[in-house]
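**Q**
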Amino acid sequence: MFETSRRNAALVGTFGRAAPHPVGTSFAVEVYRLLPNDTDFTAFLQEGFVGLNSAYLDGGAIYHTPLDTPESMDRGSLQHHGDNVLALAREFGRTDLDTLDAAHDATYFPVPGGLVRHPGWLTWPLALAGLLAVAALGWAARRRGRTSLPRLAAGFGLAAVPLVVAPLAAWLLWAAVLAVRPGHAELLDPYRPGWYRLAVAALAGAVLFGWYALTRRAVGPAALAVGGLGWLALVGVVLALVAPGGSYLATLPALAGAVAGLVALATRIAGPGPVVAVTAGAAVGVLVLLPTVVLLFPALGMGMGAVAALFTTMLGLAALPVVDLLHPQAGGARGMAAARARRRGALPALAATLAAVVFAAVGLSVDRFDAAHPVPTHLMYALDAGTGQARWLSHETDPQPWTDGYVDGTERVDDDFPGLGDAELLTGPAPRADLPAPKVEVLADTRAGTTRTLRLRLTPQRQVRLATLHLDANTATVQSMVVGGRPVHFDRIAGEQRWDVGLVFHAPPPEGAEITLTVTPKAERVALRAMDASDGLAALPGFRPRPKDVGVVGSHTSEMLAVAQTHHL
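This is the structure we're talking about:
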């Protein structure tokens with residue numbers, strides 16, 4: 347469950363209490379509120395509805411492709427959603443729905459057996475408590491003679507190294523995979539991403555262990571542990587400012603780790619007390635961060651595996667006192683004994699590095715393209731019905747061999763096909779198909795002073811899934827727009843764009859759509875560019891069917907057939 351309406355505390359409370367499998371995190375809600383993406387839920391949010399939005403998260407390779415069929419659906423996930431929806435419907439059925447609009451958001455995250463949640467107003471107190479607890483731990487460690495102020499400062503500075511190096515290493519790893527399998531660049535995620543995900547996690551561990559082996563003796567384990575928790579506390583404060591629902595990811599591990607460290611320092615009884623304390627503190631970090639790491643891989647895809655590596659490293663910093671148990675206590679060793687201790691301390695880093703290499707190699711060996719897992723390609727056909735020019739278009743940056751047979755250059759097509767966006771596309775000449783452009787009829791044309799009002803009907807002449815209408819800014823400036831009797835609010839495209847205002851109709855009705863434009867003319871005739879688009883290229887002249895191991899990339903424009911024409915009114 348990745349998205350909610352605002353003031354969701356009561357809503358999330360119901361979700362956590364009633365849903366038998368409540369998987370969700372307030373971090374996802376915050377991220378989605380910051381992104382420009384829309385979902386099927388957006389229209390309801392804009393109208394003030396209270397609600398939840400859930401989605402499948404894994405299997406991104408087939409999303410929006412011909413392979414995205416009921417047969418490919420995971421039955422366990424379907425049952426999961428069904429159990430949750432049925433339970434929530436029953437709960438909402440006996441709930442006063444007016445009580446679901448709370449005064450604040452909740453912070454929440456999944457743990458085994460349920461959903462932990464607390465009021466959003468606790469975010470800042472917890473973030474500040476984490477910061478103060480880490481400062482108190484540093485003071486107590488210094489007072490007990492475990493470290494010094496210079497070492498604490500060095501530990502804090504050095505703790506930033508794995509937070510930077512691990513994501514960079516994950517990015518380099520994926521760049522190396524793309525060099526071998528360039529087709530992965532067109533996928534949201536590989537078909538079989540498991541081994542690659544393990545490689546990124548192992549690589550983050552290798553960076554952390556290697557960094558610790560190199561710095562532990564010089565700075566001391568106490569300074570490094572406090573420095574790592576210091577960065578977590580600082581990240582928690584930053585998140586409280588920009589994404590409050592995600593602050594818990596750093597604040598709670600920092601707070602738990604600092605409190606555990608204080609307990610360990612205060613424990614004077616001989617025995618396992620200090621070890622138990624720091625292990626309990628690290629366990630909180632694992633409980634809080636591990637589900638997010640697991641969710642980030644399919645949510646963002648391997649192309650952004652560096653983000654998962656960052657959170658994996660944060661988990662490692664939260665568990666640093668336990669990590670120290672894997673390193674020999676070589677502080678008092680001298681000569682050959684110290685050298686042996688350093689070598690033994692490097693063994694975890696070497697083992698994690700080897701694991702990362704093996705996992706990546708296994709991923710490359712098992713995740714090959716074949717008929718069941720075809721290499722993704724992107725191809726469109728665009729016809730200018732006015733000039734008769736037809737082109738093949740592709741979004742691929744490094745075209746696959748099949749696509750390369752259609753395209754031979756790169757150009758912008760937004761002047762001819764503004765409905766396709768303004769990106770540079772690969773293009774190539776195509777045979778002209780006998781296809782009609784959408785019809786633009788003038789139902790009324792009135793003038794008043796310097797303005798002109800056009801009442802139009804845009805009607806596709808074939809079965810299409812979308813139609814667009816754009817105004818040429820060189821011929822007029824739009825003052826107002828009414829579609830189907832409803833005023834439309836619009837923003838002009840920034841910059842010097844020829845087509846500065848446009849409409850997109852999804853699933854236009856066969857009888858067309860009525861539009862009223864009030865414009866200030868700049869020329870004798872107003873120019874409008876009409877386009878419609880359907881799916882499927884198989885019937886076009888010059889199209890060669892894809893081989894079995896060549897597929898269609900998941901995209902709203904894959905296999906699109908667009909026809910456009912300019913109308914001067």
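Mapping of the sequence shown onto the working numbering: position 127 corresponds to residue 473, and the numbering continues sequentially without gaps.
Glycine included, every Cβ here is placed at the ideal spot set by N, Cα and C.
Which residues mark the beginning and the end of the beta strand (DSSP E) in which His-913 is found?
**A** On the sequence shown, residue 913 is found 567 positions in, with the first residue counted as 1. His-913 -> beta strand (DSSP E) spans 906-914.
**Q** Taking Thr-453 as part of the alpha helix (DSSP H), name the residues at either end of that continuous run.
**A** In the sequence shown, the residue the question calls residue 453 occupies position 107. First-last for Thr-453: 452-457, but that is the beta strand (DSSP E), not the alpha helix (DSSP H).
**Q** With H, G and I counted as helix, E and B as strand and the rest as coil, what does DSSP make of Ala-676?
**A** Translated into positions along the sequence shown, residue 676 becomes position 330. Confidence at Ala-676 is low in this model, with a pLDDT of 45, below 50, so its placement is unreliable and the value that follows should be read with caution. Three-state DSSP puts Ala-676 in coil, outside helix and strand.
**Q** Would you say Ala-885 and Met-906 are within 7 angstroms of each other, going by their C-beta atoms?
**A** Against the sequence shown, residue 885 aligns to sequence position 539. Against the sequence shown, residue 906 aligns to sequence position 560. No; because the gap between Cβ atoms is not below 7 angstroms, this pair is not in contact.
**Q** Let me know the beta strand (DSSP E) ranges lying completely inside the region 709-760, each 3 residues or longer, listed in chain order.
**A** Here the runs fully enclosed are 721-723, 726-730, 736-740 and 755-758.
**Q** My output table needs one value for Ala-794: the three-state DSSP class, helix, strand or coil.
**A** Looking up residue 794 in the sequence shown gives position 448. Strand, per DSSP.
**Q** Are the CB atoms of Thr-792 and Thr-799 within a distance shorter than 7 angstroms?
**A** The count along the sequence shown starts at 1 and reaches residue 799 at position 453. The count along the sequence shown starts at 1 and reaches residue 792 at position 446. For Thr-799 and Thr-792, yes; Cβs fall inside 7 angstroms.
**Q** Give a yes or no on whether the C-beta atoms belonging to Ala-628 and Val-668 are separated by under 7 angstroms.
**A** Residue mapping note: residue 628 aligns to position 282 of the sequence shown, counting from 1. Residue mapping note: residue 668 aligns to position 322 of the sequence shown, counting from 1. For Ala-628 and Val-668, yes; Cβs fall inside 7 angstroms.
**Q** Measuring CB to CB, does Leu-509 end up less than 7 angstroms from Thr-659?
**A** Walking along the sequence shown from the start, residue 509 turns up at place 163. Walking along the sequence shown from the start, residue 659 turns up at place 313. Going by C-beta atoms, Leu-509 is nearer than 7 angstroms to Thr-659.
**Q** Classify Val-462 as helix, strand or coil using the three-state DSSP reduction.
**A** Counting from 1 along the sequence shown, the entry for residue 462 is found at position 116. Three-state DSSP puts Val-462 in a strand.
**Q** Restricting to Cα atoms, I'd like to know which of Gly-631, Arg-871 and Gly-765 is closest to Leu-578.
**A** Taking the first residue of the sequence shown as 1, we reach residue 578 at position 232. Nearest option by C-alpha distance: Gly-631.
**Q** Do the CB positions of Arg-463 and Ala-449 come within less than 7 angstroms of each other?
**A** On the sequence shown, position 117 is the one that residue 463 refers to. On the sequence shown, position 103 is the one that residue 449 refers to. Going by C-beta atoms, Arg-463 is not nearer than 7 angstroms to Ala-449.
**Q** Using a Cβ-Cβ cutoff of less than 6 angstroms, which residues in the same chain neighbour Trp-557 once the five nearest sequence positions on both sides are dropped?
**A** The residue you call residue 557 lines up with position 211 of the sequence shown. So the qualifying residues of the chain are Val-507 and Pro-508.
**Q** Tell me whether Gly-678 is buried or exposed, calling it buried when 16 or more other Cβ atoms sit within 10 Å of its Cβ.
**A** Position 332 of the sequence shown, counted from the start, is the residue given in the question as residue 678. A caution first: Gly-678 carries a pLDDT of 46, below 50, which makes its placement in the model too unreliable to give a value.
**Q** In the DSSP assignment, what residue or residues form a beta bridge with Glu-916?
**A** Because residue 916 is not part of the residues shown, which for the chain are 347 to 915, the question remains open.
**Q** So the candidates are Ser-740, Pro-764 and Leu-766; which of them puts its Cα closest to the Cα of Asp-754?
**A** Here the question's residue 754 lines up with position 408 in the sequence shown. The residue with the shortest Cα to Cα distance from Asp-754 is Ser-740.
**Q** I'd like to confirm the pairing. Which residues does DSSP put opposite Glu-770 in its beta bridges?
**A** By one-based count along the sequence shown, residue 770 stands at place 424. Beta-bridge pairing links Glu-770 to Arg-758.
**Q** How close, in whole Å, do the beta carbons of Leu-881 and Arg-811 come, if the pair is a contact with beta carbons under 8 angstroms?
**A** Translated into the one-based positions of the sequence shown, residue 881 becomes position 535. Translated into the one-based positions of the sequence shown, residue 811 becomes position 465. Checking the sequence, you will find Asp at residue 881 rather than Leu. Their Cβ separation, rounded to whole angstroms, is 6 angstroms, which keeps Asp-881 and Arg-811 in contact under 8 angstroms.
**Q** Ignoring anything shorter than 3 residues, give me the beta strand (DSSP E) runs that lie fully in the region 561-634, in order along the chain.
**A** For the region 561-634, not a single whole beta strand (DSSP E) run of length 3 or above is found.
**Q** Can you tell which of Val-634, Val-605, Asp-535 and Pro-567 has its C-alpha closest to the C-alpha of Gly-592?
**A** Taking the first residue of the sequence shown as position 1, residue 592 is located at position 246. Nearest of Val-634, Val-605, Asp-535 and Pro-567 to Gly-592, Cα basis: Val-634.
**Q** Tell me which same chain residues have a C-beta within less than 6 angstroms of the C-beta of Gly-566, skipping the five on either side of it?
**A** One-based indexing of the sequence shown puts residue 566 at position 220. Excluding positions up to five away in sequence, the list reads Thr-493 and Arg-497.
**Q** Considering Cα atoms alone, identify which of Glu-376, Val-872, Gly-406 and Asp-447 is closest to Thr-360.
**A** Locating residue 360 in the sequence shown gives position 14, where the first residue counts as 1. Of the candidates Glu-376, Val-872, Gly-406 and Asp-447, the one whose C-alpha sits nearest the C-alpha of Thr-360 is Asp-447.
**Q** With a Cβ-Cβ cutoff of 7 angstroms, do Gly-732 and Gln-911 count as a contact?
**A** As a first step, residue 732 is located in the sequence shown; it is residue number 386 there, counting from the start. As a first step, residue 911 is located in the sequence shown; it is residue number 565 there, counting from the start. Cβ atoms of Gly-732 and Gln-911: closer than 7 angstroms.
**Q** Between Ala-859, Ala-794, Ala-718 and Asp-716, which has its C-alpha nearest Glu-787's C-alpha?
**A** The residue you call residue 787 lines up with position 441 of the sequence shown. Closest option to Glu-787, Cα to Cα, is Ala-859.
**Q** I'd like to confirm the pairing. Which residues does DSSP put opposite Gly-877 in its beta bridges?
**A** On the sequence shown, position 531 is the one that residue 877 refers to. Strictly speaking, residue 877 in this sequence is Met, with Gly absent from that position. Answer is Thr-814 and Ala-910, bridged to Met-877.
**Q** Name the one or two DSSP bridge partners that Met-419 has.
**A** Position 73 of the sequence shown, counted from the start, is the residue given in the question as residue 419. Answer is none; Met-419 lacks a bridge partner.
**Q** Pair every Cβ in the region 639-650 with every Cβ in the region 537-549, then say whether three or more of these pairs are closer than 8 angstroms.
**A** Result yes; three or more Cβ-Cβ pairs closer than 8 angstroms.
**Q** Is the region 396-415 close to the region 886-905, with three or more CB pairs under 8 angstroms?
**A** Touching, yes.
**Q** Please state the DSSP three-state secondary structure of Thr-823.
**A** Residue 823 sits at position 477 when you count from the first residue of the sequence shown. Looking at Thr-823 - three-state DSSP - the assignment turns out to be strand.
**Q** Measuring only the C-alpha atoms, how far is Ser-904 from His-724?
**A** Counting from one through the sequence shown, the residue named residue 904 turns up at place 558. Counting from one through the sequence shown, the residue named residue 724 turns up at place 378. If you take the alpha carbons of Ser-904 and His-724, they lie about 5 angstroms apart.
**Q** Quick one: give me the first and last residue of the beta strand (DSSP E) that Ala-859 is part of.
**A** Stepping through the sequence shown from its first residue, residue 859 is reached at position 513. Here the beta strand (DSSP E) through Ala-859 covers 859-867.
**Q** Would DSSP call Val-828 helix, strand or coil?
**A** For the purposes of this step, residue 828 is taken as residue 482 along the sequence shown, with counting starting at 1. Three-state DSSP puts Val-828 in a strand.
**Q** Per DSSP, what are the beta-bridge partners of Glu-349 in this structure?
**A** Residue mapping note: residue 349 aligns to position 3 of the sequence shown, counting from 1. Note: Glu-349 sits in a beta bridge opposite Asn-399.
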